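What follows is a set of notes on a single structure, which appears directly below.
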Amino acid sequence: MSGETANGQTYDFRHAPDRRGTASVKWDVGEGELPMWIADMDFATAPEIVEAMRRKLDLGAFGYEEPRDDYRQAVADWYATQHDARPQTDWMVFATGVVPAISSIVRRIGHVGDNVVVEAPVYNIFYNSIENNGRHALSSDLKRDGDSYNIDFDDLEAKLSNPLTTLMILCNPHNPIGKVWTRNELEHTARLCLKHHVILLSDEIHGDLVLSGPDYTPAFSLKAPLNRQIISLVSPSKTFNLAALHAATAIVPDPDLRAQVARGLNTDEVAEPNLLALDGTIAAYNEGRGWRKALIAQLRSNRENARDFIDRNIEGLSIVGGQATYLMWIDVSALTDDADAFTDEIRRRTGLVLSSGSVYRGDGNRFIRLNFACPPNMLADGLHRLGTGTKAYRSTHIKQSDRSPYKPRRF
Ligand SMILES: Cc1ncc(COP(=O)(O)O)c(C=O)c1O
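Take 1 as the starting number for the sequence shown in the UniProt record's numbering and just add one per residue.
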């Protein structure tokens, strides 16, 4: 088997299970189309997880379940060994996914008509959770600064101090820009939330996917009193390609806040695991360290190849340099400020399916998002399509006189 090796074991990141014609959301595409949009990897999950699921299926009886200490211990050990931050096991509450937990917490904290602060451009489903529950999404837009984005803390404080603001949803690390917030930035944000009595909900689903630079900081690891208003949401689903497992954990250090979160999750009936959720999560956290290490090596190599190819060959696109996630945030403003039309045209011309940045709001209408978590040959195919499609787009939409001499750009 070819692939990345970790702890003496070789894992296969060269082949993708064929999900065409299955219930896969990602692969519900036309003949010859190539999906690189939704945050779902094309790699098979860790064999250790599949083995644990098989053992569970062999049991053959699937009655009601609830998490036991072995589940909570597996979560705690993972964060202690992988992120140098050990949550107490009694801080944890099970949920059937990160988004169900976010929606439940939005409903439980504050009231209809309240503001929920976000930092656009950000994961589009935050807006659904907020607006479908009658709240108002109030964005403190991230400020683009060359190759990166920063938080405008004055603007953030102004929005947190609004009397109608009761909750902030932070993406830590940040989808779609791939930024890993530093401990300082996280503490600053938490301090402002504490000062203005705003609950800080930190979505950490991409936390295990830091590819370069310092590790991410789990919000539950901030010291008292900053952790009094913090809820961290973690899950193995992005790390191990287990979205359909529907398993996540809310980690809430403060007992009163934890009781509110637990009550909300129970009332909304999103607190009970399905037949594979506990065994799958325990196997991921207890036995998945080597696989994750090998995955990170593959993702780093894919990211480098994608950057090189785009910088060298695709005029008009420039990459914003994130340190985390397998999602690449690409600036198309040299070509258009209508990313919807751009992605539609790329799909029509080449079959490559990308995310338009507009769904993330903020300045997203000038960006596209590309998922590079796939075997190298599939990535090469996608990049080739992106190059061909962009070239055709340029020749149709950009006047010859407006084309600048092309200089390859590296960050
Ligand atoms: C930031 C973020 N949160 C949550 C999710 C989805 O979480 P879940 O599938 O556990 O509901 C995603 C998926 O892309 C995501 O990017």
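Where is the CB? At the ideal position from N, CA and C, for every residue including glycine.
Source: prediction; values computed, not measured.
Per-residue burial, residue i [other beta carbons within 10 Å of its own, 16 or more giving buried]
{"i": "Lys407", "result": "With a pLDDT of 49 at Lys407, under the threshold of 50, the predicted position of this residue should be treated as unreliable, though the coordinate-derived value follows. Lys407 is exposed by the Cβ-count criterion."}
{"i": "Val198", "result": "buried"}
{"i": "Glu48", "result": "buried"}
{"i": "Lys238", "result": "buried"}
{"i": "Gly364", "result": "buried"}
{"i": "Arg369", "result": "buried"}
{"i": "Arg303", "result": "buried"}
{"i": "Glu204", "result": "buried"}
{"i": "Asn266", "result": "exposed"}
{"i": "Val50", "result": "exposed"}
{"i": "Val180", "result": "buried"}
{"i": "Asn150", "result": "exposed"}
{"i": "Gln88", "result": "exposed"}
{"i": "Arg410", "result": "Annotation note: pLDDT 40 at Arg410 (below 50); position unreliable, no value reported."}
{"i": "Ser2", "result": "Confidence in Ser2 is poor, its pLDDT being 46 and thus under 50, which makes the residue's placement too unreliable to answer from."}
{"i": "residue 427", "result": "Coverage of the chain is limited to positions 1 through 411, which leaves residue 427 absent and any answer about it impossible."}
Residue interval of the alpha helix (DSSP H) (run including residue i)
{"i": "Asp58", "result": "47-59"}
{"i": "Ile102", "result": "98-108"}
{"i": "Tyr393", "result": "376-397"}
{"i": "Thr281", "result": "277-287"}
{"i": "Tyr360", "result": "Taken as a continuous stretch (DSSP letters only), Tyr360 belongs to no alpha helix (DSSP H), as it is neither H nor E."}
{"i": "Thr336", "result": "That residue, Thr336, is in no alpha helix (DSSP H); it is neither H nor E in DSSP."}
{"i": "Thr81", "result": "69-83"}
Residue from the options whose Cα sits closest to the Cα of residue i
{"i": "Leu233", "options": "Glu51, Tyr127, His206, Gly178", "result": "His206"}
{"i": "Tyr216", "options": "Leu192, Asn241, Gly178", "result": "Gly178"}
{"i": "Ser202", "options": "Ala219, Trp37, Lys195, Ser358", "result": "Ala219"}
{"i": "Ala259", "options": "Leu386, Phe43, Phe94, Arg303", "result": "Phe94"}
{"i": "Asp114", "options": "Leu222, Leu138, Ser24", "result": "Leu138"}
{"i": "Phe224", "options": "Ala248, His246, Val252, Ala243", "result": "A quick correction: the sequence has Ala, not Phe, at residue 224. Among Ala248, His246, Val252, Ala243, the Cα nearest to that of Ala224 belongs to Val252."}
{"i": "Val112", "options": "Asn133, Tyr123, Tyr127, Cys374", "result": "Asn133"}
{"i": "Asp268", "options": "Ala250, Glu131, Arg108", "result": "Arg108"}
{"i": "Arg54", "options": "Ala277, Phe309, Ile310", "result": "Ala277"}
{"i": "Val75", "options": "Asn305, Asp279, Gly351", "result": "Asp279"}
{"i": "Lys195", "options": "Ser221, Thr165, Leu209, Leu211", "result": "Thr165"}
{"i": "Ala262", "options": "Tyr11, Thr96, Asp40, Glu65", "result": "Thr96"}
{"i": "Gly316", "options": "His397, Ile130, Cys374", "result": "His397"}
{"i": "Leu299", "options": "Thr281, Leu275, Met328, Ala271", "result": "Met328"}
Run of the beta strand (DSSP E) containing residue i, from where it starts to where it stops
{"i": "Asn371", "result": "367-371"}
{"i": "Phe342", "result": "From DSSP, Phe342 is part of no beta strand (DSSP E) but of the alpha helix (DSSP H) over 339-350."}
{"i": "Asp331", "result": "327-331"}
Threshold first: 3 residues or longer. Then list the beta strand (DSSP E) segments lying entirely within the stretch 178-221, N to C. When DSSP assignments are scanned along the stretch 178-221, the uninterrupted stretches of beta strand (DSSP E) that are 3 or more residues long and fall wholly within it turn out to be 199-203.
Whole beta strand (DSSP E) elements within the stretch 112-173, 3-residue minimum: Counting only runs of at least 3 residues, the stretch 112-173 fully encloses the following beta strand (DSSP E) elements, listed from N- to C-terminal order: 115-118, 136-139, 143-145, 148-150, 165-171.
Taking 8 Å as the threshold, find out whether the stretch 292-306 comes into contact with the stretch 181-201 through three or more Cβ pairs. Taking 8 Å as the limit for Cβ pairs, the verdict is that the stretch 181-201 does not touch the stretch 292-306.
Is the stretch 66-81 close to the stretch 95-107, with three or more CB pairs under 8 Å? Flag = no, the stretch 66-81 and the stretch 95-107 do not touch.
For the pair the stretch 310-318 and the stretch 161-168, tell me if three or more CB-CB distances fall below 8 Å. Cβ pair count under 8 Å is below three, so no.
Touching by the beta-carbon criterion (3+ pairs, under 8 Å), the stretch 168-175 and the stretch 320-330: A contact exists between the stretch 168-175 and the stretch 320-330.
Whole beta strand (DSSP E) runs in the stretch 233-267 with 3 or more residues, listed along the chain? Taking only runs of at least 3 residues, the beta strand (DSSP E) segments lying wholly in the stretch 233-267 are 248-251.
The stretch 8-25 contacting the stretch 344-352, beta-carbon criterion three pairs below 8 Å: The stretch 8-25 is not in contact with the stretch 344-352.
Beta strand (DSSP E) segments (min. 3 residues) lying fully within the stretch 291-320: DSSP runs (the beta strand (DSSP E)) wholly in the stretch 291-320: 318-320.
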